[in-house]
Amino acid sequence: MKRVYESMITEHFERNEQMLFLSGARQVGKTTTAKSVLGNGLFFDWDLQGDRTDIIGGQRHLADRMGSEPSRRVVFDELHKYADWKNFIKGLYDLYTKLHWQFIVTGSARLDTYRKGGDSLLGRYFHLQMFPLSAAELVRPEFSANAIHPPNKIDSATWDALLAFGGFPQPLQKADSRFFRQWTRTRRDRLLQEDIRTLGGAYDVAKIEVLAELIRSNAATSLNYTSFARIVRASVESIQRWIVLLQQLAYCFTLRPWSRNISRAIAKEPKIYLGDWSDIPDTGRRNENFVACALLKAVAGWNDTGLGEYSLHYIRTKEKREVDFLIAKGGAPWVLIEVKTSRTSISPQLEYFQAMTGAEHALQVVVDLPYQDIDCFTLGVPAVVPARTLLSQLL
443 MKRVYESMIT
453 EHFERNEQML
463 FLSGARQVGK
473 TTTAKSVLGN
483 GLFFDWDLQG
493 DRTDIIGGQR
503 HLADRMGSEP
513 SRRVVFDELH
523 KYADWKNFIK
533 GLYDLYTKLH
543 WQFIVTGSAR
553 LDTYRKGGDS
563 LLGRYFHLQM
573 FPLSAAELVR
583 PEFSANAIHP
593 PNKIDSATWD
603 ALLAFGGFPQ
613 PLQKADSRFF
623 RQWTRTRRDR
633 LLQEDIRTLG
643 GAYDVAKIEV
653 LAELIRSNAA
663 TSLNYTSFAR
673 IVRASVESIQ
683 RWIVLLQQLA
693 YCFTLRPWSR
703 NISRAIAKEP
713 KIYLGDWSDI
723 PDTGRRNENF
733 VACALLKAVA
743 GWNDTGLGEY
753 SLHYIRTKEK
763 REVDFLIAKG
773 GAPWVLIEVK
783 TSRTSISPQL
793 EYFQAMTGAE
803 HALQVVVDLP
813 YQDIDCFTLG
823 VPAVVPARTL
833 LSQLL
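All you need for this note's numbering is the position in the sequence shown, starting with 1, plus 442.
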């Protein structure tokens, strides 16, 4: 299955000389994607003994194996498991700069933790986050440098499979309920039992497993650290730290509220979402989480590829007025989105918050509505639109 990230990687190296750090959830397709753009390049896998020995041997040792052919592409898979990986890749990159080699480093979402650290790698790399398949990627697997695209129809069977089996390539392509249940359980167990250990430090894995189940059963709701702490029997500080850890592994993500120019807005309490919407039993919350994942993927992709500065939020006031999502562009409200499973009368909160924020668009996104060939981003007043139409226009 062709991924949009293949053309994103190609486009990156057409414009830039920096290394590309490709991070994302377990089994999202990082290694497969990196190999698909490798050409006649070199691939090193930290989990293979021979490659690991070469990497530990240092840059000069590895250079003997790599040669000096110009403009070659090299992939280092799971390199973050090497304790000194940052110094290693910095030295290798500097050694091959004049030959214009193209370096790709793939790994877990842990690579994301180094974006703010910078230090020795500053200016030498760009980060690209990889997400599960979405409606937009399924109908448009080629990257173009536009934030918004014309609508494109996704067939009903593919849409239903995406909702039911999630966006990870294996279960989506298989579209088999028994395989899906086996795959989901195995992935969750490996993430909690194995991936946590790669982050370093000592963790109470048993309690983190309880927390992960709490997040799953409370996805698409407000995050109450105190309540979680009481159930897990841990401190609030531990819950906060473990949720950050689970976010690093792309198990979940949080959205902060938008409060600027909103009268009596909630300003601190985040909402929490699961990284895999298909693992949520409740239909309404699964649908909201599904849209949240598509919006997060778009916002992250726009930011990572330099298309602008975007952020994703929600709005809630102390009087319980709420809109599910607000996308900000350049620090200003741009799109308001309210998610519904089936057609209902339009939410009055869209008009209320559009007037208050000045957002260009206010859309009630309905998951069960059939595709309509309309450009949702030409609508300036609150409107009801099919989810499959709106989401097809994103990245």
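Note that beta-carbon positions come from the ideal geometry of N, C-alpha and C, so glycine has one too. This structure is a prediction, so every number in the text was calculated from the model and none was measured.
| Check | Outcome |
| --- | --- |
| Is the beta carbon of Glu751 closer than 8 Å to that of Gly773? | yes |
| Can you check whether the CB of Asp817 is closer than 8 Å to the CB of Pro611? | no |
| How would you label Thr831, buried or exposed, when you count the other beta carbons within 10 angstroms and need 16 or more for buried? | buried |
| Taking just the CA atoms, how far does Leu553 sit from Trp543? | 21 Å |
| Do Ile590 and Ala661 have their C-beta atoms within less than 8 Å of each other? | no |
| Candidates Ala804, Thr452, Val686 and Arg702: which alpha carbon is nearest Lys477's? | Thr452 |
| Answer yes if the region 726-735 comes into contact with the region 671-690, meaning at least three C-beta pairs across the two stretches below 8 Å, and no otherwise. | no |
| Sorted by chain position, which residues of the same chain lie with C-beta nearer than 7 Å to Arg557's C-beta, five sequence neighbours on each side aside? | With a pLDDT of only 49 at Arg557, under the threshold of 50, the placement of this residue in the model should not be trusted; the figure read from the coordinates follows. Here the set comprises His569. |
| So if DSSP puts His803 in a beta bridge, which residue, or which two residues, is it bridged to? | Val777 |
| Which residue marks the beginning of the alpha helix (DSSP H) containing Glu764, and which one marks its end? | Counting along the chain, Glu764 falls outside any alpha helix (DSSP H), though it belongs to the beta strand (DSSP E) covering Glu764 to Lys771. |
| Taking only runs of the alpha helix (DSSP H) that begin and end inside the region 506-540, which ones reach a length of at least 4 residues, in chain order? | 527-538 |
| What does Gln615 pair with, by DSSP beta-bridge criteria? | DSSP, once it has assigned bridges, lists no residue as partnering Gln615. |
| Given a cut-off of 8 Å on the beta-carbon distance, is the pair Leu691 and Leu605 in contact? | no |
| Looking at the secondary structure, which residues open and close the beta strand (DSSP E) in which Ser562 lies? | Segment: none, Ser562 is in no beta strand (DSSP E) and carries neither H nor E. |
| Within a Cβ cutoff of 7 Å, which residues of the same chain sit near Ser720, ignoring the five residues on either side of it in sequence? | Ala606, Phe607 and Gly608 |
| So, for Tyr645: in the same chain, excluding its five sequence neighbours on each side, which residues have a beta-carbon less than 6 Å away from its beta-carbon? | Ile638 |
| Assign Ser705 to one of three DSSP states: helix, strand, or coil. | coil |
| Which of the three DSSP states is assigned to Ala661 in this structure? | coil |
| Check whether the region 457-475 touches the region 572-579, taking contact to mean three or more Cβ pairs, one atom from each stretch, closer than 8 Å. | yes |
| Would the region 819-828 count as touching the region 777-795 if we require 3 or more Cβ pairs under 8 Å? | yes |
| So the beta strand (DSSP E) Tyr667 belongs to, where does it begin and stop? | Taken as a continuous stretch (DSSP letters only), Tyr667 belongs to no beta strand (DSSP E), being part of the alpha helix (DSSP H) at Tyr667 to Val674. |
| For Lys760, count neighbouring Cβ atoms within 10 angstroms of its own Cβ and tell me buried if that reaches 16, exposed if not. | exposed |
| Tell me which residues share the same chain as Asp487 and place their Cβ nearer than 6 Å to its Cβ, disregarding the 5 neighbours each side in the sequence. | Asp493 and Asp519 |
| With 16 as the cutoff for other CB atoms within 10 Å, does Gly717 come out buried or exposed? | buried |
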